[in-house]
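Reading through the structure tokens given below for one structure.
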Amino acid sequence: MKVVSKISELKNQIGEWKAAKYSIGFCPTMGSLHAGHMDLVEASKKETDKTILSIFVNPTQFNDPKDFHQYPVNTEIDLMLCESKGVDLVFLPEVTTMYPETKTPIQLSIPALQKNLCGRTRPGHFEGVLQIVSKLFHLTEPNKTFFGLKDYQQFRVISAMVENLNFPLEVIGVPTRREEDGLAMSSRNVRLSNKERETASLIPRMFALAKKTIHSGERDINLWKEILRDFLLTGDSLRIDYLEVVDPIGLEPKDKLEGEVLLAIAVFVGDVRLIDNQIIQIPN
Ligand code: PAF
22 MKVVSKISEL
32 KNQIGEWKAA
42 KYSIGFCPTM
52 GSLHAGHMDL
62 VEASKKETDK
72 TILSIFVNPT
82 QFNDPKDFHQ
92 YPVNTEIDLM
102 LCESKGVDLV
112 FLPEVTTMYP
122 ETKTPIQLSI
132 PALQKNLCGR
142 TRPGHFEGVL
152 QIVSKLFHLT
162 EPNKTFFGLK
172 DYQQFRVISA
182 MVENLNFPLE
192 VIGVPTRREE
202 DGLAMSSRNV
212 RLSNKERETA
222 SLIPRMFALA
232 KKTIHSGERD
242 INLWKEILRD
252 FLLTGDSLRI
262 DYLEVVDPIG
272 LEPKDKLEGE
282 VLLAIAVFVG
292 DVRLIDNQII
302 QIPN
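Per this note's numbering, residue 22 is the first one in the sequence shown, and the count goes up by one each step.
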């Protein structure tokens, strides 16, 4: 496995692979890797000849500087994990490599997909994600790229950017990997104390309750959201950032429970922000 931090080294390797007609799979990450990231690697290895994984904690997507500074970093373990899973190249750039000083920064956004959910409560977040991901796509020239569906809005926003700007690549969403109690795996989970981890287990239980109440006939969307909010708020030190029901494609808020809906939440447990979502089919 190659580990490179300079753009020239990355480009040299990609040039060789392109000349040999290898297809390239790309898994962008911010490190502190877990089994969910390894699912991206596994999907990439199945579908392409060479897999690149990037590790870069991108400062421009953190609207809260404290959150950026507290983001867990575990590079040594990350590299061992990548090696054991057969990643071909890890790109590990410095901040100054990705963001050399410029007086004319670019800004990308997909306003229609960013006005709700995390786009509403984390202003500037998706502009930062699109900035780094578009740069990484240009640098890694992948045929296919893999994103976890836990960050469902991110997946939609990036897919829309690729479509809008004709990036010659396919964006593939990989199902969320969960802990035994159903909590979505996240690099942030390591920051939870034992007590907070217990509280966090309310999240998968809330999704189970959401499905159960729908199957017992609940169709009043406001009442449904109220029941789910009240359930979450039984947790110690849990604060709801949002709990929304939107259409899974356009991410517009739903005012009726019908068809397919995306139930998406962001909560703070202590000061750790966790997100999760599920697409739920509402029976007729
Ligand atoms: O999902 C993430 O880890 C990040 O948002 C990404 C896509 C690597 C961009 O920094």
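We put the beta carbon where it would ideally sit given N, CA and C, even for glycine.
It should be emphasised that the depicted structure is a prediction, and the values quoted were computed from it without experimental measurement.
Do you know whose CA, among S130, K232, F112 and Y92, lies nearest L100's CA?
The residue you call residue 100 lines up with position 79 of the sequence shown. When only C-alpha atoms are compared, the closest one is F112.
Nearest-angstrom Cα distance between V65 and I76?
Within the sequence shown, numbered from 1, the residue matching residue 65 stands at position 44. Within the sequence shown, numbered from 1, the residue matching residue 76 stands at position 55. Contrary to the premise, residue 65 reads as Ser rather than Val in this sequence. Cα atoms of S65 and I76: separation of roughly 16 angstroms, rounded to the nearest angstrom.
What residues does the ligand PAF have around it, judged by CB closer than 6 angstroms to any heavy atom, in chain order?
Summarising the contact set, residues whose Cβ lies nearer than 6 angstroms to any heavy atom of the ligand PAF are, in chain order, P49, T50, M51, N79, Q82, V150, I153, V154, D172 and Q175.
Pull up the DSSP beta-bridge partners for G169, would you.
Counting from 1 along the sequence shown, the entry for residue 169 is found at position 148. According to DSSP, G169 shares a beta bridge with V195.
Please classify E97: is it buried, with 16 or more other beta-carbons within 10 angstroms of its beta-carbon, or exposed?
Here residue 97 refers to the residue found at position 76 of the sequence shown. So E97 ends up on the exposed side.
So what's N79 in DSSP terms, helix, strand or just coil?
On the sequence shown, position 58 is the one that residue 79 refers to. The answer is coil: DSSP assigns N79 none of H, G, I, E or B.
If you follow the alpha helix (DSSP H) that F307 is part of, which residue opens it and which one closes it?
Outside the modelled stretch of the chain, which goes from 22 to 305, sits residue 307, for which no answer is possible.
Looking only at its chain, what residues have a beta carbon closer than 7 angstroms to the beta carbon of V108, apart from the 5 residues adjacent to it on each side?
For the purposes of this step, residue 108 is taken as residue 87 along the sequence shown, with counting starting at 1. Sequence-distant partners of V108 (beyond 5 residues in either direction) whose C-beta falls short of 7 angstroms from its own C-beta, in its chain, are M22, V62, T72 and L74.
On the DSSP bridge assignment, give the partners of Y263 in chain order.
Sequence index remark: in the sequence shown, residue 263 carries index 242 (1-based). Per DSSP, the beta bridge partners of Y263 are A287.
Please determine, among T161, Q174 and K275, the residue with the shortest C-alpha to C-alpha distance to K32.
The residue labelled residue 32 in the question sits at position 11 within the sequence shown. Checking every option, the nearest Cα to that of K32 belongs to T161.
What distance in whole Å lies between the Cβ atoms of H146 and N84, which are believed to be in contact at a cut-off of 8 angstroms?
By 1-based counting over the sequence shown, the position of residue 84 is 63. By 1-based counting over the sequence shown, the position of residue 146 is 125. Sure, about 6 angstroms apart at Cβ, within 8 angstroms.
Comparing alpha-carbon positions, which option in Q91, F188 and S26 lies nearest R294?
As a position in the sequence shown, residue 294 is number 273, starting the count at 1. Selection Q91, F188 and S26 evaluated against R294 yields Q91 as nearest (Cα-Cα).
Got a sec? Which residues, its chain only, sit under 7 angstroms from N79 by beta carbon, not counting five neighbours each side?
Numbered from 1 along the sequence shown, position 58 holds the residue referred to as residue 79. Once the five neighbours on either side are set aside, the close Cβ partners of N79 are M51, G149 and I153.
List, from N- to C-terminal side, the beta strand (DSSP E) runs of 3 residues or more that fit wholly inside the region 72 to 148.
Entirely contained in the region 72 to 148, the beta strand (DSSP E) runs reaching 3 residues are, in chain order, 110 to 112.
Can you tell me which of H236, R240, S258 and M227 puts its alpha carbon nearest to the alpha carbon of R250?
In the sequence shown, the residue the question calls residue 250 occupies position 229. The shortest Cα separation from R250 among H236, R240, S258 and M227 belongs to M227.
Tell me whether T164 sits in a helix, a strand or coil according to DSSP, three-state version.
Taking the first residue of the sequence shown as position 1, residue 164 is located at position 143. Going by the sequence as given, residue 164 is Asn instead of Thr. N164 falls in the coil class under three-state DSSP.
Sequence-distant residues of the same chain with beta carbon closer than 6 angstroms to L223, five excluded per side:
Within the sequence shown, residue 223 is the residue found at index 202, counting from 1. Contacts found: L253 and G256.
I believe P163 touches G46 by the beta-carbon criterion, under 8 angstroms. Please report the beta-carbon distance rounded to the nearest angstrom.
Walking along the sequence shown from the start, residue 163 turns up at place 142. Walking along the sequence shown from the start, residue 46 turns up at place 25. The beta carbons of P163 and G46 sit about 6 angstroms from each other, so the pair counts as a contact at 8 angstroms.
Proximal residues to L102 (C-beta, below 6 angstroms), its chain only, five neighbours per side dropped:
As a position in the sequence shown, residue 102 is number 81, starting the count at 1. Counting only residues of its own chain and dropping the five nearest sequence neighbours on each side, L102 has a CB closer than 6 angstroms to the CB of L54.
Give me the Cα-Cα distance between V195 and Q302, rounded to the nearest whole angstrom.
Reading the sequence shown from its first residue, position 174 is the one you call residue 195. Reading the sequence shown from its first residue, position 281 is the one you call residue 302. About 19 angstroms.
V294 - partner residues in DSSP beta bridges:
Along the sequence shown, read from residue 1 onward, the residue named residue 294 stands at position 273. Inspection of the sequence shows that residue 294 is occupied by Arg rather than by Val. As computed with DSSP, R294 is found in a beta bridge with F289.
Return the chain-ordered list of same chain residues with a C-beta closer than 7 angstroms to the C-beta of A221, the five sequence neighbours on each side being excluded.
Sequence index remark: in the sequence shown, residue 221 carries index 200 (1-based). Result list for A221: L204, L213, V290 and L295, in chain order.
What is the rounded straight-line gap between the Cα of D297 and the Cα of K156?
Position 276 of the sequence shown, counting from 1, holds the residue named residue 297. Position 135 of the sequence shown, counting from 1, holds the residue named residue 156. Their Cα atoms are separated by approximately 27 angstroms.
Taking DSSP's pairing of strands, which residues face Q299 in a bridge?
For the purposes of this step, residue 299 is identified with residue 278 of the sequence shown, where counting begins at 1. When DSSP reads this structure, Q299 sits in a beta bridge with L284.
If L283 sits next to I300, beta carbons under 8 angstroms apart, how far is it from one beta carbon to the other, in whole angstroms?
Walking along the sequence shown from the start, residue 283 turns up at place 262. Walking along the sequence shown from the start, residue 300 turns up at place 279. At roughly 5 angstroms, the Cβ-Cβ gap stays under 8 angstroms, so L283 and I300 are in contact.
Distance CB(S26)-CB(T118) smaller than 8 angstroms
As a first step, residue 26 must be located in the sequence shown, where it is residue number 5. As a first step, residue 118 must be located in the sequence shown, where it is residue number 97. Their beta carbons are under 8 angstroms apart, which means S26 touches T118 by this criterion.
What does DSSP give as the partner residue(s) for V24 in the beta ladder?
Position 3 of the sequence shown, counting from 1, holds the residue named residue 24. Beta-bridge pairing by DSSP links V24 to V111.
Do L110 and S130 have their CB atoms nearer than 8 angstroms?
Along the sequence shown, read from residue 1 onward, the residue named residue 110 stands at position 89. Along the sequence shown, read from residue 1 onward, the residue named residue 130 stands at position 109. The Cβ atoms of L110 and S130 lie no closer than 8 angstroms to each other.
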